[in-house]
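Q: A single structure is presented below for examination.
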Amino acid sequence: MFKRLITARQTSILSAAFVIASMVAASRILGLIRNRLLTARFTTEQLDPYWAAFRIPDFLFEILVAGAVSVAFIPVFTSYLSNNKKNEAFKIASSVINSASLTVVIFSAIYLLFASSILRQIVPGFSEEELKTAVSISRLLILFQVLPLVVGNFFTAILQSYRQFLVPALAPVIYNIGTIIGIIILSPLFGIYGPVYGVLFGACLFFAIHVPLIWHVGYRHMFILNLRHRGVKEIGRLMIPRTISVSATQLDFTVDTYLASLLGGGSITILTLARQLQIIPVMLFGLPIAQAALPTFTDYIARGSIDRFKSTLITSLHQILFFVFPASALLVVLKVPIVRLALGGEQFDWPDTVLTARSLAAFGVSLFAQAIIVLLIRAFFALKDSKTPVVISVISVLLNSILSIVFIQVLKMPIWGLGISASIATLLHALALLILLDRKVGYFDRAHLIIPFIKISVTTLIMAVPLYVLMKLFDQLVFDTTRTIELVLLTITVSSIGLATYLFFAWFFNIEEVVMFYKFAQKLTRFKDILVEPSQEVGSQKMT
1 MFKRLITARQ
11 TSILSAAFVI
21 ASMVAASRIL
31 GLIRNRLLTA
41 RFTTEQLDPY
51 WAAFRIPDFL
61 FEILVAGAVS
71 VAFIPVFTSY
81 LSNNKKNEAF
91 KIASSVINSA
101 SLTVVIFSAI
111 YLLFASSILR
121 QIVPGFSEEE
131 LKTAVSISRL
141 LILFQVLPLV
151 VGNFFTAILQ
161 SYRQFLVPAL
171 APVIYNIGTI
181 IGIIILSPLF
191 GIYGPVYGVL
201 FGACLFFAIH
211 VPLIWHVGYR
221 HMFILNLRHR
231 GVKEIGRLMI
241 PRTISVSATQ
251 LDFTVDTYLA
261 SLLGGGSITI
271 LTLARQLQII
281 PVMLFGLPIA
291 QAALPTFTDY
301 IARGSIDRFK
311 STLITSLHQI
321 LFFVFPASAL
331 LVVLKVPIVR
341 LALGGEQFDW
351 PDTVLTARSL
361 AAFGVSLFAQ
371 AIIVLLIRAF
381 FALKDSKTPV
391 VISVISVLLN
401 SILSIVFIQV
411 LKMPIWGLGI
421 SASIATLLHA
431 LALLILLDRK
441 VGYFDRAHLI
451 IPFIKISVTT
461 LIMAVPLYVL
471 MKLFDQLVFD
481 TTRTIELVLL
491 TITVSSIGLA
501 TYLFFAWFFN
511 IEEVVMFYKF
521 AQKLTRFKDI
531 LVEPSQEVGS
541 QKMT
């Protein structure tokens with residue numbers, strides 16, 4: 001039975017998205033536990049070098065993975081599989097993985113020589129001791145974390161092309177478990193290096209968990225480097241613009257890190273923790289649906305079924321909005337209780353809580369835009385258009401960087417000013433992508449696209465009113481929120497009433513996604529069936 005669950009193919013977007021979302025939820029819960037443990041053991045000032053050390057390793061990882069795997073590798077690899085060219089697909093995968101691995105090795109060697117000089121420019125507000133710690137940690141990460149994560153993510157892409165979503169979605173869970181082990185067991189012995197060793201252990205586990213299923217689907221790695229292969233060149237063509245886009249985004253994060261380091265001790269940690277909290281709804285709802293939809297988008301385009309492509313895209317878009325809008329309302333209204341519950345460790349004081357909560361709310365207003373950008377980018381790449389999203393992304397990043405500098409250095413705003421600038425740029429980014437995609441595919445059905453969006457927006461606004469009123473009322477008259485258990489009860493009670501209000505008015509306004517939600521909730525009682533027995537052909541119809 002266990003083997004059947006692990007090796008089962010999820011052939012509908014619903015089942016695939018469920019598997020991904022379930023594992024993302026588990027990973028994010030573990031991520032919250034990880035951050036709670038970090039804030040319990042270390043002050044925000046002590047954590048600043050830890051988070052800053054990830055900047056360059058993350059930069060390298062994102063360029064190789066986000067640039068190649070998510071939107072360039074899968075469409076090309078899937079097209080070869082669809083045309084019964086399995087051996088050629090494996091040759092392409094081997095060449096791309098070997099090329100990426102070689103890039104990691106070369107870049108890592110260069111970075112080891114200049115790590116101190118590079119990080120000094122990124123975090124000018126650090127003391128010499130903080131800089132020394134950040135450099136030491138970043139060298140460990142670049143040596144032992146990046147390569148297993150890069151190769152592991154290519155394995156994820158191969159398995160997703162085979163409609164195998166469970167193990168790839170489980171890998172980040174294992175990664176976080178490794179980090180948590182490091183915090184609990186190694187921190188008492190090695191201080192801030194304890195979590196670092198946990199991260200390295202988690203990265204090795206991330207890679208290792210893919211190997212058995214990769215073997216099961218028939219993939220055999222070849223130590224070849226054929227960069228002239230048509231498929232490899234096609235991935236390169238798609239990857240280059242996306243890499244530019246990802247590089248711009250990573251530079252934007254670097255600008256934010258630079259500005260945060262100038263705002264005093266703990267600012268980098270506050271910014272990082274707020275970002276990681278606000279991205280949870282996107283990872284739970286936006287990313288799973290987008291990942292599950294990409295092979296379907298690619299298949300429809302390959303068959304010339306543009307109408308089915310448009311219909312599936314709109315359906316996926318509305319499903320994302322249906323889940324992300326209420327999540328955004330919860331984060332904005334309940335920002336302080338959420339931060340206190342998620343991060344209120346012994347070393348995380350009230351000023352840290354307030355700044356993190358305000359940063360969370362600033363990011364939270366653009367959650368829906370962040371989520372649909374993930375989907376729209378994949379739609380463009382399924383159409384093999386890599387130029388449009390990269391141009392829009394670069395413009396968005398430039399706008400965000402300019403606004404960040406103005407808000408922090410000119411207007412002297414606190415750290416949450418970076419959240420406001422990010423939200424403004426993200427909202428415009430999503431709007432531009434949607435308009436250009438609309439033109440590219442011959443225009444969407446306006447009523448089909450806009451009316452559900454309006455209904456979901458209005459329903460969310462209605463939900464926010466009792467959410468805010470009850471939170472204020474219960475906080476003052478019912479619950480003593482200085483106690484953790486009563487803070488938990490307040491958050492659960494208010495959230496439950498708010499979500500019940502949302503579902504009621506979604507039903508009242510006849511939002512189709514509420515029917516889908518109800519039927520899907522029924523299927524949760526048959527968890528095994530969702531994993532093993534597909535309910536429909538991928539993308540064959542709108543899921544209700």
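Heads up: the sequence shown at position 146 corresponds to 146 in full-length UniProt numbering, and the numbers run straight through without jumps.
C-beta atoms are modelled at their ideal positions from N, C-alpha and C, and glycine is treated no differently.
In this text, all values refer to a predicted model and were calculated from it rather than measured experimentally.
1. If you reduce the DSSP assignment to three classes, tell me which class Gln164 lands in.
2. Which term fits Trp215, buried or exposed, when burial requires 16 or more other beta carbons within 10 angstroms of its beta carbon?
3. Do Tyr502 and Pro288 have their CB atoms nearer than 8 angstroms?
4. Note down, in chain order, each residue of its chain lying with its Cβ closer than 7 angstroms to the Cβ of Val333, except the 5 sequence neighbours on either side.
5. Taking the continuous alpha helix (DSSP H) assigned at Val465, which residues delimit it?
6. Suppose you measure from the CA of His448 to the CA of Ala379; what does that come to, to the nearest Å?
7. Given a cut-off of 8 angstroms on the beta-carbon distance, is the pair Arg358 and Trp416 in contact?
8. Closest by CA to Pro75, which one among Ile158, Ser116 and Leu37?
9. May I ask you to verify whether the region 175–186 touches the region 287–307, counting CB pairs closer than 8 angstroms and requiring at least 3?
10. Using only CA atoms, which one of Ser136, Arg230, Leu263 and Phe90 lies nearest to Phe114?
11. What are the complete beta strand (DSSP E) segments, minimum 3 residues, inside the region 35–63?
12. Less than 8 angstroms between the C-beta atoms of Ile435 and Phe505, yes or no?
13. Pick from Phe297, Ser245, Ser404 and Phe368: whose alpha carbon is nearest that of Thr78?
14. Using the beta-carbon count (16 or more within 10 Å), is Gln121 buried or exposed?
15. To the nearest whole angstrom, what separates the beta carbons of Tyr300 and Thr315, a pair I think is in contact under 8 angstroms?
16. Residues in its own chain within less than 6 angstroms of Lys335 by CB, not counting five upstream and five downstream?
17. Going by beta carbon distance, what residues of the same chain come within less than 8 angstroms of Pro281, once the five residues before and after it are set aside?
18. Okay, do the region 237–257 and the region 19–37 touch, 3+ Cβ pairs below 8 angstroms being the bar?
19. Are the CB atoms of Val494 and Phe474 nearer to each other than 8 angstroms?
20. Give a yes or no on whether the C-beta atoms belonging to Gln145 and Pro57 are separated by under 8 angstroms.
21. For Gly442, I'd like the list of residues in its chain whose CB is within less than 6 angstroms of its CB, leaving aside the five on either flank, ordered along the chain.
22. Hey, is the region 219–233 in contact with the region 78–98, meaning 3+ C-beta pairs nearer than 8 angstroms?
23. Taking Cβ to Cβ, would you say Ile408 is nearer than 8 angstroms to Leu273?
24. Would you call the region 41–48 in contact with the region 255–270, where contact means no fewer than 3 C-beta pairs closer than 8 angstroms?
25. Taking just the CA atoms, how far does Gln319 sit from Ile456?
26. Quick check on the burial criterion: 16 or more other C-beta atoms within 10 angstroms. Buried or exposed for Arg228?
27. By how many angstroms is the C-alpha of Ser267 removed from the C-alpha of Ile377?
A: Well, looking at it:
1. Gln164: coil per DSSP, three-state reduction.
2. Around the C-beta of Trp215, fewer than 16 other C-beta atoms lie within 10 Å, and the residue is accordingly described as exposed.
3. no
4. Ala464, Leu467, Tyr468 and Met471
5. Arg446 to Leu477
6. 18 angstroms
7. yes
8. Ile158
9. no
10. Ser136
11. Within the region 35–63, complete beta strand (DSSP E) segments of at least 3 residues are not found at all.
12. no
13. From the listed residues Phe297, Ser245, Ser404 and Phe368, the smallest Cα separation to Thr78 is found for Phe297.
14. exposed
15. Not quite, the Cβ-Cβ distance comes to about 12 angstroms (not below 8 angstroms), so this is no contact.
16. Ala357, Leu360 and Ala361
17. Excluding residues within five positions, the ones whose Cβ falls inside 8 angstroms are Phe323, Val324, Ala327, Ser328, Leu331, Leu367 and Ala371.
18. With the rule of 3 Cβ pairs closer than 8 angstroms, the region 237–257 does not count as touching the region 19–37.
19. With contacts defined by Cβ atoms closer than 8 angstroms, Val494 and Phe474 form a contacting pair.
20. Yes, these two residues count as a Cβ contact at 8 angstroms.
21. none
22. yes
23. Result no, Cβ atoms of Ile408 and Leu273 do not sit closer than 8 angstroms.
24. Result yes; three or more Cβ-Cβ pairs closer than 8 angstroms.
25. C-alpha separation (whole angstroms): 10 angstroms.
26. Exposed, because fewer than 16 other Cβ atoms sit within 10 Å of the Cβ of Arg228.
27. 31 angstroms
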